[in-house]
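Using numbering that gives the first Met the number 0, you'd call the opening residue of the sequence shown number 0 and step up by one each time.
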Amino acid sequence: MLPTEQSSSVLIGNRVESIIPYHTGDEFSIIAEDNGEIVDIKENIVIVKYKNGSYKSIDTSVQVKKNASSGFFIESQLKCDYKIGDKIKKGAILAYNPKIFTKNEDENNISLNIGVLCKLAILSTWDIFEDSAPITKKLSEKMTSVMVWDKSVALPAHTIVDYIVKVGDSVKTGDTLIRFDSAGDDPEATTFLSAIRAELGEEIIESLNTSIKSKYTGEIVDIKIYSTIDLEEMDPSLQKIVSEHYNKIKRKNRVIDKYKNPNDSNYYKSGILVNEVAEKINPNVQGKIKGIRVDNGVLIVFYIKYYNQMAKGDKLTAYSALKATVAHVIDEGLEPYSEYRPEEEISSFVAPIAVEARKTPSIFLSLFGNKLMIELKRQLKEKYLAP
């Protein structure tokens with residue numbers, strides 16, 4: 000399931016949605032292995048000290064990961080509601096992904112966000128042939144998925160970098176991610192170009208530079224940098240960028256190293272996989288890093304978060320195994336509605352025969368149960384909270 004911005008918790012369930020957090024990996028939820036205490040929070044790292052003396056580190060920074068070995072990238076981030084000094088009990092949920100789980104206000108647990116809550120009709124229409132389903136514009140927006148596009152740029156050692164975006168920057172399609180002039184491996188050429196730039200300024204910069212553009216409109220959520228050379232071999236402009244990245248890694252690793260457990264390896268410390276180093280690395284025999292030819296140079300990988308709105312041809316399911324392909328998106332202003340609450344749209348449809356064919360009669364219990372809960376809440380508010 001791709002996380003959406005408007006995923007909803009389950010209104011009527013069988014408690015399975017509350018058990019799931021205890022059976023997922025640390026990428027989605029982290030469970031306390033013993034009684035303990037929150038002893039430190041630095042560089043987005045939350046440190047838990049258990050009663051037995053061991054430490055558990057939780058990384059709450061934005062993580063960009065592939066959803067499969069050959070799939071696409073998605074953004075993931077854990078949320079920790081604890082503060083320094085808070086006591087924790089064994090089995091407590093230390094951190095969770097708020098796009099996937101919702102924390103229950105009256106209980107110390109979380110529940111799986113099953114999807115988007117909307118009004119649905121089980122009805123035969125002309126556009127539900129072969130497991131198709133129309134959706135409204137509003138539902139297509141609610142079902143928007145958050146995805147991440149990566150762009151890799153390999154730079155020679157003596158590249159002059161005039162501009163680079165930063166994590167958190169907003170970009171539009173066609174905006175510049177990095178602007179540079181690659182003088183190859185000739186230090187004299189680099190020195191000559193630097194002198195010209197200092198004298199003529201922006202005019203010469205625009206004519207000599209290469210710009211790498213963004214393919215999507217979105218936000219820069221992460222930038223990774225890998226170098227096969229020492230800092231001293233780089234042009235000062237590139238050296239500054241790489242140094243700042245190294246310093247960020249060092250600050251984070253210092254926190255993790257401080258709370259490293261005695262039996263931890265050099266790559267897995269107190270529950271965190273350490274996969275970034277603040278030093279040069281060796282490319283493979285083909286001179287590649289991450290599949291990109293670098294040789295003697297620097298690889299910069301930009302990660303841009305963008306929104307993929309549900310459209311014709313996309314797949315969805317109606318809570319259960321009632322899957323469907325989006326037949327079309329109903330134009331705004333033409334949304335269907337019922338006689339009761341005609342101001343409220345019906346966001347999608349399910350074919351009656353599909354319920355029988357897929358053997359999912361429980362969909363009726365969910366529909367009627369959710370309807371009763373929502374309408375009862377509305378009527379109570381109208382009766383007791385009306386001005």
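Built from N, CA and C at the ideal position, the CB exists for glycine as well.
In this text, all values refer to a predicted model and were calculated from it rather than measured experimentally.
Taking 8 Å as the cut-off, the Cβ atoms of serine 242 and threonine 209 do not count as close.
A direct Cα-to-Cα measurement between lysine 136 and serine 144 gives close to 15 Å. Between isoleucine 255 and glutamate 32, the alpha-carbon positions lie close to 19 Å from each other.
Cβ-Cβ distances below 7 Å link tyrosine 215 to Trp148, Thr172, Ile303 and Tyr305 in the same chain, with the five nearest sequence neighbours on each side left out; the list follows chain order. Annotation for glutamine 62: the continuous beta strand (DSSP E) segment containing it runs 62 to 65. The continuous alpha helix (DSSP H) containing leucine 375 extends over residues 361 to 383. Taking 8 Å as the cut-off, the beta carbon of glutamate 275 is found no closer than this to the beta carbon of isoleucine 299. If you check the CB distance, isoleucine 219 and valine 297 do not come in under 8 Å.
Distance from the Cα of serine 213 is smallest, within the candidate group Arg178, Arg14, Asn295 and Ile224, for Arg178. Within the same chain, and ignoring the five residues on either side of isoleucine 11 in sequence, the residues whose Cβ sits closer than 8 Å to its Cβ are Leu364, Ser365, Gly368, Asn369 and Met372. Distance from the CA of glycine 332 to the CA of valine 354, rounded to the nearest whole angstrom, comes to 29 Å.
Burial of histidine 244 is indicated by the presence of at least 16 other C-beta atoms within 10 angstroms of its C-beta.
Alanine 132 is bridged by DSSP to Val325. Shown here, alanine 153 sits in a strand according to DSSP, grouped into three states. Excluding five sequence positions before and after aspartate 229, the CB atoms of its chain that fall closer than 8 Å to its own CB belong to Lys279, given in chain order.
For phenylalanine 27, the closest C-alpha among the options Pro97, Arg250, Ile40 and Tyr383 is that of Pro97. Take the alpha-carbon of serine 139 and the one of alanine 132: they are about 12 Å apart.
Taking a C-beta distance under 8 Å as the contact criterion, serine 8 and asparagine 112 qualify as a contact pair. Relative to the Cα of asparagine 260, the nearest Cα in the group Ser6, Val47, Leu176 and Ala277 belongs to Val47. For aspartate 256, the uninterrupted alpha helix (DSSP H) segment begins and ends at 235 to 257. Under the three-state reduction of DSSP output, glutamate 218 falls in the strand class. Inter-segment contact for the segment 260 to 269 and the segment 116 to 129 is absent: fewer than three beta-carbon pairs are separated by less than 8 Å. Counting every other CB atom within 10 Å of its CB across the protein chains shown gives lysine 165 a total below 16, marking it as exposed. For serine 346, same chain residues with a beta-carbon under 7 Å away, outside a window of 5 residues either side, are Cys117, Lys118, Leu119, Ile134, Thr135, Lys137 and Leu138 in chain order. The beta carbon of lysine 50 is closer than 7 Å to those of Asp33, Asn34 and Gly35 in its chain, skipping five residues each way along the sequence. Sorting Lys86, Thr23 and Glu374 by C-alpha distance to the C-alpha of serine 110 places Thr23 at the top. Alanine 356: member of the alpha helix (DSSP H) spanning 351 to 356, first to last residue. For valine 115, the three-state secondary structure derived from DSSP is coil. Boundaries for isoleucine 18: no beta strand (DSSP E) harbours it, while the alpha helix (DSSP H) harbouring it runs 15 to 18, taken from the DSSP string.
In this structure, threonine 175 places its C-beta atom within 8 Å of the C-beta atom of isoleucine 211. Around the Cβ of threonine 324, a 10 Å sphere holds fewer than 16 other Cβ atoms; the residue is exposed.
Membership of threonine 209 in the beta strand (DSSP E) is indicated by the continuous run 209 to 212. Apart from the 5 residues on each side of it in sequence, valine 152 sits with its Cβ closer than 7 Å to the Cβ of Ile177, Ile211 and Ile299 in its chain, given in chain order. Aspartate 126 and serine 56 have their C-alpha atoms roughly 51 Å apart. For the options Asn43, Ala156, Asp294 and Ile29, the alpha carbon positioned closest to that of lysine 88 is the one of Ile29.
Sorting Tyr225, Pro20, Tyr21 and Tyr318 by C-alpha distance to the C-alpha of asparagine 283 places Tyr225 at the top.
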